Amino acid sequence: MLKESRYVRLTNTMYRVLRNSRIPLFLHRKSNHVFTMWQHLILLTIRQYEGKSYNRMFVEWLIEAYYLRLFLGLSRIPHFTTLQKFICRQNQQFIA
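Read left to right, the sequence shown gives residues 1 to 96 (the numbering used here).
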């Protein structure tokens, strides 16, 4: 339970930062709305915090972190390529 509370505290902090920075939940109006940008950013932050270098290892870890998934409101677990594609999209936006 100690690990879960750490992640929940980190997630709460991230939610406050994202809310104050006015980052939209979805980048495009016609996106499929399965995962929000906030969920992607929080998952990538937790992946970095956890020290997982590969998205596949992180998604396997996320399967076991039921309480965190419940807290984030994930309706399903993202495929590891979902996080990779999100990173690529964000890198392209910052370059352009």
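The beta-carbon is built from N, C-alpha and C at its ideal position, and this holds for glycine as well. Since the model is a prediction, treat every value here as computed from it, not as a measurement.
Counting every other CB atom within 10 Å of its CB across the protein chains shown gives Val34 a total below 16, marking it as exposed.
The beta-carbon distance between Arg56 and Phe80, rounded to whole angstroms, is 4 Å. This is short enough to meet the 8 Å contact definition. Thr36 sits in coil when the DSSP states are folded into three classes, being neither helix nor strand. The three-state secondary structure of Leu62, taken from DSSP, is helix.
Under a 10 Å Cβ-count criterion, Ile23 is classified as exposed, with fewer than 16 other Cβ atoms of the shown protein chains found around its own Cβ.
Contact annotation: the segment 41-54 touches the segment 6-26, with at least three C-beta pairs closer than 8 Å. Distance from the CA atom of Leu44 to the CA atom of Leu83, rounded to whole angstroms, is 7 Å.
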